Structures are given as C-alpha cells and as structure tokens.
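In our numbering, the protein residues as written are 19 to 98. Accompanying notes for the structure given below.
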C-alpha cells in the first residue's frame with residue numbers, strides 16, 4: 019500500500035472514531051472481536067457475536083484505540 023493511501027485511511031479512521039466518540043450512545047462494542055457497531059445491531063456483522071458492551075466509556079475508549087491504528091481485520095472491501 020502506498021504511503022499516501024495509508025495516511026488517507028488512517029485519517030479516515032481517525033475522523034470516524036471522533037464521530038463515534040462524540041456520540042457514544044449510538045454505538046456499542048462487540049465483546050467477541052472488539053468492533054464498534056451501531057446500537058440497533060442484534061449481532062456483530064464481523065464475528066456474529068451477540069454480546070456487547072454498551073457503556074459510553076467503553077465505546078469512547080475503543081474508538082480511540084481503533085482510530086489510532088490501521089485496520090487489522092478483513093472487511094468486504096478486502097475481497098473486491
């Protein structure tokens with residue numbers, strides 16, 4: 019991956035993390051894979067877990083973690 023593309027993806031992740039941290043009540047953290055999902059999700063789209071931590075503190079903490087590093091999980095985009 020080119021450095022500018024990597025920087026762009028990190029910036030995008032940081033921006034998404036900031037939006038999540040500003041509205042933690044709209045999200046929850048999967049206890050299976052630690053992904054952040056929307057509050058209305060019944061199961062995690064990444065690992066199919068149905069256990070979540072809905073506390074605002076945990077959502078903000080995980081958003082900071084995920085927004086500060088490159089993605090390490092596979093997504094549908096990786097298979098295009």
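The beta-carbon is built from N, C-alpha and C at its ideal position, and this holds for glycine as well. These numbers were taken from a predicted model, which means no experiment stands behind them.
DSSP places residue 21 within a helical segment (H, G or I) once states are collapsed to three. It is roughly 12 Å from the alpha-carbon of residue 53 to the alpha-carbon of residue 72. Residue 38 sits in a helix when the DSSP states are folded into three classes. Boundaries of the beta strand (DSSP E) around residue 46: 45-48. Among the bridge pairs identified by DSSP, residue 55 is matched with 46.
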